[in-house]
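One structure below.
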Amino acid sequence: MTSLREKMADFGFESNDDYAFQVNCLLKGSFSGIRCLDIQGDSKRRKTAFATALADAMEFPHVIYHDFSERRPPPPGVTLPSSKDELGRSQPAIQPIDQRFAEACGLSEGEGTILILDQIQAADFREHIRLYQFVTSYEWTFLNATHHANPKYLLLFLISEEPLYHSLQKNSFRVWVGAVSNRQIPYQPEDFGLDEDIRPVMEELAELFRTLGMSPTHSEYASILADIHRRARSREELRHSIYGWMEGVDRTTLFSEETAPLLDATLDAVHRYLGLDEVELTALPEEPE
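Numbering-wise, the sequence shown is residues 789 to 1077 according to the numbering used here.
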């Protein structure tokens, strides 16, 4: 059976960390209102990638997205134009946030719906209070119309670069999405379809990754091993390969003298593994005049 981590990787979010337990807490935990997932972390738009991949991996029929930092109106056809009522009075255009909530409420009446609210810190504080009231009352009101959500079928994913309004936070389950994976995976040669003779190379790489304080994901590691097989033959080339493929790696540490012995040890193992001989180029003797 495909794990949640594998499903999320298929939708663009790869991590060594498995969030199945946190999702189970969200779905089966005790909430006094609509179930909310407060997505925290130190990596900004990685949280957005997490939210969208998780929503897709959970296979809810409907996923709606709203970014509070988007100052320009959506493309034509998304925001309804101004209109007049039966008495000829002008009615203001429906705001994007109101349209998103009206849509989410309607869809949640009978089918699973996830509403992703991104960059909440950019919203007016009155919107924070309005969000809390919606979570507890299941009602969203605008233009004298009230839309009702079904808490059985609706989930809210909340993303903010600043702490949420306290009351809203208290009605949410928090999850941390780091810039790098916390889980260290002891990869084996068979994980990449390779024979045992590459193990010394992987052991040296493991020591290098421990010094860097991180562990590559499966696809990152596979790309680094591909470079080792095809092109990475020097200390600088190996550094560039690791920096190029591993998300969140600290470049200063990777390119410091601290890692030089570890890189050299890895390259020695690579040369033994590939059967490469070091060739020392010397100056050719001068031809007699």
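We put the CB at the ideal spot given by N, CA and C, even for glycine.
Keep in mind that this is a model prediction, so the values were computed, not measured.
Open item on the list: Applying the 10 Å Cβ sphere with the 16-neighbour rule, what's the burial state of W917?
Closed with: Note that residue 917 corresponds to Ile in the displayed sequence, not to Trp. The residue in question, I917, is exposed, as its Cβ has fewer than 16 Cβ neighbours within 10 Å.
Open item on the list: So for I904, helix, strand or coil by DSSP?
Closed with: strand
TODO: Could you please give the first and the last residue of the uninterrupted beta strand (DSSP E) stretch that includes D844?
DONE: Unbroken run through D844 is the alpha helix (DSSP H), R833 to A845; no beta strand (DSSP E).
Task: Simplified DSSP state of Y926, which is helix, strand or coil - done: If DSSP states are grouped into helix, strand and coil, Y926 belongs with coil.
TODO: Pair every Cβ in the stretch 970-987 with every Cβ in the stretch 1036-1054, then say whether three or more of these pairs are closer than 8 Å.
DONE: Not touching, per the Cβ criterion.
Open item on the list: Can you look up Q883 in the DSSP assignment and give me helix, strand or coil?
Closed with: Taken through DSSP and simplified to helix, strand or coil, Q883 comes out as coil.
Open item on the list: Looking at the secondary structure, which residues open and close the alpha helix (DSSP H) in which D798 lies?
Closed with: For D798, the enclosing alpha helix (DSSP H) stretches over residues L792 to D798.
- [ ] Spatial neighbours of G900 within its chain, please: CB distance less than 6 Å, with the 5 preceding and 5 following residues excluded, ordered by chain position.
- [x] F848, P849 and Y941
Task: contact_flag[the stretch 931-946, the stretch 894-912] where n(CB pairs < 8 Å) is 3 or more - done: yes
TODO: With DSSP as the reference, label T1099 as helix, strand or coil.
DONE: A question about residue 1099 goes unanswered here, because the residues of the chain that appear run from 789 up to 1077.
Task: Counted within 10 angstroms of its Cβ, other Cβ atoms place F819 as buried (16 or more) or exposed - done: Counting the other Cβ atoms within 10 Å of the Cβ of F819 gives fewer than 16, which makes it exposed.
Open item on the list: Please report the distance separating the alpha-carbon of L1050 from that of E1024.
Closed with: 12 Å
- [ ] Alpha carbon to alpha carbon, how far is R1060 from D1052? Give it in angstroms, no decimals.
- [x] Cα atoms of D1052 and R1060: separation of roughly 12 Å, rounded to the nearest angstrom.
Task: Proximal residues to H854 (C-beta, below 8 Å), its chain only, five neighbours per side dropped - done: The residues are P884, I885, R888, L903, I904, L905 and D906.
TODO: Under 6 Å Cβ to Cβ from A967, same chain only, skipping five residues before and after it: list those, please.
DONE: Once the five neighbours on either side are set aside, the close Cβ partners of A967 are D830, S831 and G1036.
Task: Closest residue to S925 among N932, A933 and P939 (Cα-Cα distance) - done: P939
Open item on the list: P1004 and W1033 - do their beta-carbons sit closer together than 9 Å?
Closed with: yes
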